[in-house]
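Each residue of the sequence shown is one higher than the one before, counting from 34 in the working numbering. Each residue gets a CB set at the ideal place from its N, CA and C atoms; glycine is no exception. All remarks here apply to the structure that follows.
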Amino acid sequence: MANVFKNSIKGPAGTGGLVVYTTPANTVSTVIGVNVANILAQNINVDVSITDSSAVVTKYLVKGAIITQGSSAILVGGEQKVVLEANDSITVTSSVDASVDVVVSVLEIS
Numbered sequence: 034m035a036n037v038f039k040n041s042i043k044g045p046a047g048t049g050g051l052v053v054y055t056t057p058a059n060t061v062s063t064v065i066g067v068n069v070a071n072i073l074a075q076n077i078n079v080d081v082s083i084t085d086s087s088a089v090v091t092k093y094l095v096k097g098a099i100i101t102q103g104s105s106a107i108l109v110g111g112e113q114k115v116v117l118e119a120n121d122s123i124t125v126t127s128s129v130d131a132s133v134d135v136v137v138s139v140l141e142i143s
C-alpha cells in the first residue's frame, strides 16, 4: 500500500460550485485540512459539501458559513479528519462568483 500526502489547490470557486477534490479510484483518502479563503473585499457565504459516491448521497460539511473579507475558514484540521472512499468528492459553493480559493490537504492510501 502506498501512502502519499497531496494538496489540491483550486479557485476561485463561485455560485456554480467547484469540485475541489475527488478521491482517485482504488484509493481511500484521509482529509487532513480544508481551508477556504475569501478573496474579495466583501463578506461571503460558503457551502462545503461531501458526496459519497457509493451511497449516492451529498451532505454539507458546512452550510452558509460567513467568511468576512480578507479572512478564511479552516473547516478540517487539527484533531478533526474526514475519510473519503474512492470517487467521493468535496465541492465548494459561494454566494458570490469567483470569490473563494480552496486548499484541501489529504493522505491518499492506495
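So, for Ala58: in the same chain, excluding its five sequence neighbours on each side, which residues have a beta-carbon less than 8 Å away from its beta-carbon? Counted from its first residue, the sequence shown places residue 58 at position 25. Residues of the same chain with a CB within less than 8 Å of the CB of Ala58, apart from the 5 flanking positions on each side, are Ala119, Asn120 in chain order.
Among Asn68, Asn36, Thr124, Asp80, nearest to Gly110 - alpha-carbon criterion: Along the sequence shown, read from residue 1 onward, the residue named residue 110 stands at position 77. When each option's Cα is compared against that of Gly110, the closest is Asn68.
Should the region 40-52 be called in touch with the region 85-99, which here means at least 3 C-beta pairs below 8 Å? With fewer than three CB-CB distances shorter than 8 Å, the region 40-52 does not count as touching the region 85-99.
Would you report the Cα separation of Val61 and Ala106, rounded to the nearest angstrom? As a first step, residue 61 is located in the sequence shown; it is residue number 28 there, counting from the start. As a first step, residue 106 is located in the sequence shown; it is residue number 73 there, counting from the start. If I take the Cα positions, the gap works out to 25 Å.
Ordered along the chain, which non-local residues of its own chain (more than five positions away) have a Cβ less than 8 Å from that of Val129? On the sequence shown, position 96 is the one that residue 129 refers to. Beyond the five residues adjoining it in sequence on each side, Val129 comes within less than 8 Å, by CB distance, of Gly47, Thr48, Leu73, Gln75, Ile77 in the same chain, given in chain order.
The beta strand (DSSP E) enclosing Glu118, as first and last residue numbers: On the sequence shown, residue 118 is found 85 positions in, with the first residue counted as 1. Boundaries for Glu118: no beta strand (DSSP E) harbours it, and the DSSP string shows neither H nor E there.
Classify Asn36: buried if its beta carbon has 16 or more other beta carbons within 10 angstroms, exposed otherwise. Indexing the sequence shown from 1 puts residue 36 at position 3. Residue burial is scored here from C-beta neighbours: Asn36 has fewer than 16 other C-beta atoms within 10 angstroms and is therefore classed as exposed.
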